[in-house]
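See below for the structure under consideration.
There are 2 protein chains.
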Amino acid sequence: MDSQAFPPFSSLIALTGVTPAVARLPLENISSLAKGVYRDPGIIPLWFGEGDVAAPAFIGEAMARAVADGHVFYSAQNGIPEFREAMAQYLGGLGRKPIEPDRITATTSGMHAILLAMRLIAEPGDTVIVIDPVWPNAGATAQVVGANIRSVRMDHGPAGWTLDLDKLAAALDENVRAVFFASPGNPTGAMLPIETQAAMLDMCRARGIWLIADEVYNRLAFGLRAAPTILDHAEPEDRLLVMNSFSKAWAMTGWRLGWIVHPPSLGPTLAMLTQFTTSGVATFIQHAGIAAVRDGEPFVAFIRDYCEVGMRIVCDALEAFGRVRLGPRPVAGMYAYFEVDGMPDSRAACLELLEKTRVGLAPGAFFGPGSEGFLRVCVARCEGDLREAMGRLAGALG
Amino acid sequence: MDSQAFPPFSSLIALTGVTPAVARLPLENISSLAKGVYRDPGIIPLWFGEGDVAAPAFIGEAMARAVADGHVFYSAQNGIPEFREAMAQYLGGLGRKPIEPDRITATTSGMHAILLAMRLIAEPGDTVIVIDPVWPNAGATAQVVGANIRSVRMDHGPAGWTLDLDKLAAALDENVRAVFFASPGNPTGAMLPIETQAAMLDMCRARGIWLIADEVYNRLAFGLRAAPTILDHAEPEDRLLVMNSFSKAWAMTGWRLGWIVHPPSLGPTLAMLTQFTTSGVATFIQHAGIAAVRDGEPFVAFIRDYCEVGMRIVCDALEAFGRVRLGPRPVAGMYAYFEVDGMPDSRAACLELLEKTRVGLAPGAFFGPGSEGFLRVCVARCEGDLREAMGRLAGALG
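Line order of the protein sequences matches chains A and B.
Residue numbers for the first sequence follow our numbering, so the first one is 2 and each next one is one higher.
Residue numbers for the second sequence follow our numbering, so the first one is 2 and each next one is one higher.
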């Protein structure tokens, strides 16, 4: 997200023939660190937002059945009616305000949901506010559509990660088209209080700005059935887009399936944008998703517990490390995000830790300005691996 | 692609809060016609580019095996090495100039390949030349990234559909960033002579313009193993992007898998653009693709013959219809594209034909300016259905 680090646009255009917006894109992300050692079994990979548990077998069986049943032709652009209906039932079943099927569009991953949202509402000259620290792809997607990103950083103090609403209000000038936030957060593991989210929606309403909420970690709130959602405080035609994914709660990272909850009036436009980006999600993968929400509740509970246990192991270790400052423990999600004393370059630190300890971590630098002193560790992994990893890190961070 | 038909931008922005480029997108395409009657078994659906044959079972089995083998986690952004290697071998095996694996990126459909290409090289203010008649999504994708489309229409005469290179040269002003063409063509079924394609590449080279070639129907050239490709006349670092898909030759429309052949230097940029649009293609679907190119040659030959037989049946009928002018028969692909005397509105004609004959056709209007008098029919269907459909159409078009 740091465009200053790149050569001036013109030289890059001359070099590659790509647009200025594309030339500004970072050519490095978390996977760049993993390059070359990705399949090395000696490395404990805690860098990605991906655990070591595969989706349960019944999901693959539902997909195979759908293929055998002939669901192998072009799909409906917003998703097949069965998928939209199943998602509406699933969301309603969480004890919330009902969401009608015409507000749900299937997407080729949560990532694609964010791309569709940014593509819908932002273009060159527009500004998208990104509440960070946050998953780097959110801001990068705004860059892909040519928009400018403005960071509004959460504060990190005794109460954990908190958002100063006055800081947000001050950032909302006339060029701002959208505010993006994630709750529960990646990398922070913090939940924005629902009163804060409602105040954000009010601010956006007053200015005709879109609110984009990333709820990918919604089912991984420890001790809760699901994290509170801004959808419960919104009207169907509010300028609100809520993205979600099957990657985390159902461990379906490799299946590329997500969804977006949107105003019903945007359904036809999202159908066309889907048509012109991927033409829709494979029907048999939508059937895998239907099986996941219908029969996956025990698995979701298992994954939530798995992350909670992993979080305890990791935080117990981090809190004992002399150079680490964690603050209040994360209440959700699959990451611990911590500050390291005397670490000027988080990327270099990750490469050094990788070499010395063979543990893969993600550098704070990717999660927004001001995050350089931090590292992220994924806790969605078996106890043995996590204890081994923390043991290896003790020498460098202890 | 006819933006004049829409209300002025400002009113649409006020209405929906979306960007001008998105507000300009057509909200109607071929599937709009099919809406509501999509699953009606009484209709013979010849409107889409999709036949009635499903991909062979071994492809689904390869996918199921990949799931069972645990290929269900995040994938490599350009595609897994095995996929890129398999595609390089496949392309080399067609008797052409070798393509190295680092020039191949897996995409979530041919559609997504075109989106990535447009996103790479065009932005608001740029112009993309579209050689038409052509699949409407090509131009729409340029619109999605905010670029202007300029049509260069092929001529239709005794020699079939031909491209006047002088007309193309005259259209290449300083705002033009790319020229998009498809050979074999959709809807025309025409192949651009390889000398014409080479001349187009020369023109683009001289001006630093990108050439984007859609080769989705490359394996469906009647009497040929494969249609000639411009790749045989290009250098790896030419500004050339060639898109392809598993949808047609392997009947994998519903699997959402394609690929792009690109300069090796663009690999890292395409990885990032993939990351920020879909994060990559499901690994198990890439394994389905590997099986398709490794073991699918008999099936490709079957589908080519199937289309050739269908084309004969349809053209025999069309040539006997009094109101229809077809010209030389298509030499490739899965469509016949024909002019109808006294048909001022192809969309209205399709709706009327649908109601009266229950045969679904695609209106010329979608395929570019000047195509209003035409209709497209898909011939990739069993003999019985095609004869029945042409019999029903005889009353209206005969």
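Just so you know, even glycine gets a beta-carbon here, dropped at the ideal spot from N, CA and C.
- The DSSP-derived three-state label of N149 of chain A is strand.
- If you check the CB distance, G140 of chain B and V332 of chain B do not come in under 8 Å.
- The beta carbons of I195 of chain A and T20 of chain B sit about 30 Å from each other, so the pair does not count as a contact at 8 Å.
- Closer than 8 Å to the CB of F300 of chain B there is not a single CB belonging to chain A.
- Any Cβ of chain B closer than 8 Å to the Cβ of M112 of chain A would place that residue at the interface, and such an atom is present.
- A:A228 is the residue among A:A228, A:L274, A:G43, A:V310 whose C-alpha sits nearest the C-alpha of G96 of chain A.
- For G161 of chain A, the enclosing beta strand (DSSP E) covers residues 161-163.
- Counting the other Cβ atoms within 10 Å of the Cβ of G290 of chain A gives 16 or more, which makes it buried.
- Annotated three-state conformation of D317 of chain A is helix, per DSSP.
- Nearest C-alpha to T279 of chain A among A:I60, A:L117, A:A318, A:P82: A:L117.
- Look at L28 of chain B: its C-beta is under 8 Å from a C-beta on chain A.
- Identification of residues in the stretch 233-258 of chain A having a C-beta nearer than 7 Å to some C-beta of chain B yields R240, T254, G255, W256, R257, given in sequence order.
- Listed along chain A are T20, P21, A22, P125, G147, each with a C-beta nearer than 8 Å to that of E124 of chain B.
- Annotation: W251 of chain B to R208 of chain B spans about 37 Å, alpha carbon to alpha carbon.
- With respect to the 8 Å criterion, I304 of chain B and L258 of chain B are not classified as neighbours on the basis of their beta carbons.
- Under a criterion of Cβ atoms nearer than 9 Å, the residues of chain A adjacent to N138 of chain B are, in order, Q276, F277, S280.
- Closest in C-alpha terms to G61 of chain B, from the list A:A89, A:V54, A:D70, comes A:D70.
- Every alpha helix (DSSP H) stretch that sits fully inside the stretch 221-307 of chain B and reaches 4 residues is listed by chain position as 268-276, 284-296.
- Per DSSP, the continuous alpha helix (DSSP H) segment holding F84 of chain B begins and ends at 82-94.
- Look at R40 of chain B here: in three-state DSSP terms it is coil, with no helix or strand label.
- One thing to note: Y75 of chain B has its Cβ within 8 Å of the Cβ of T254 of chain A.
- The distance from the Cβ of P134 of chain A to that of F368 of chain A is about 4 Å, consistent with a contact at the 8 Å cut-off.
- With a threshold of 16 other beta carbon atoms within 10 Å, E175 of chain A falls short and is exposed.
- For P269 of chain A, the residues of chain B that pass the 7 Å Cβ criterion are L28, in the order they occur in the chain.
- Here the C-alpha atom of E389 of chain A lies approximately 11 Å from the C-alpha atom of R359 of chain A.
- Here E340 of chain B is bridged, per DSSP, to B:R326, B:F375.
- Against chain B, the beta carbon of E51 of chain A has neighbours under 8 Å at F74, Y75, listed in chain order.
- Any Cβ of chain B closer than 8 Å to the Cβ of L202 of chain A would place that residue at the interface, and such an atom is absent.
- Restricting attention to alpha helix (DSSP H) runs no shorter than 4 residues, the stretch 97-142 of chain B encloses them at 111-122, ordered along the chain.
- With fewer than three CB-CB distances shorter than 8 Å, the stretch 378-396 of chain A does not count as touching the stretch 151-159 of chain A.
- In this structure, the straight-line span from the alpha carbon of F84 of chain B to that of A172 of chain B is close to 38 Å.
- Neighbours of G71 of chain A in chain B, taken as residues whose beta carbon is under 8 Å from its own, are A55 in chain order.
- Between the alpha carbons of L241 of chain B and G323 of chain A lies a gap of roughly 55 Å.
- For P21 of chain A, the secondary structure class from DSSP, reduced to helix, strand or coil, is helix.
- At the C-beta level, S248 of chain B and G385 of chain B stay beyond 8 Å of one another.
- In the three-state scheme derived from DSSP, where H, G and I count as helix and E and B as strand, D386 of chain B is classed as helix.
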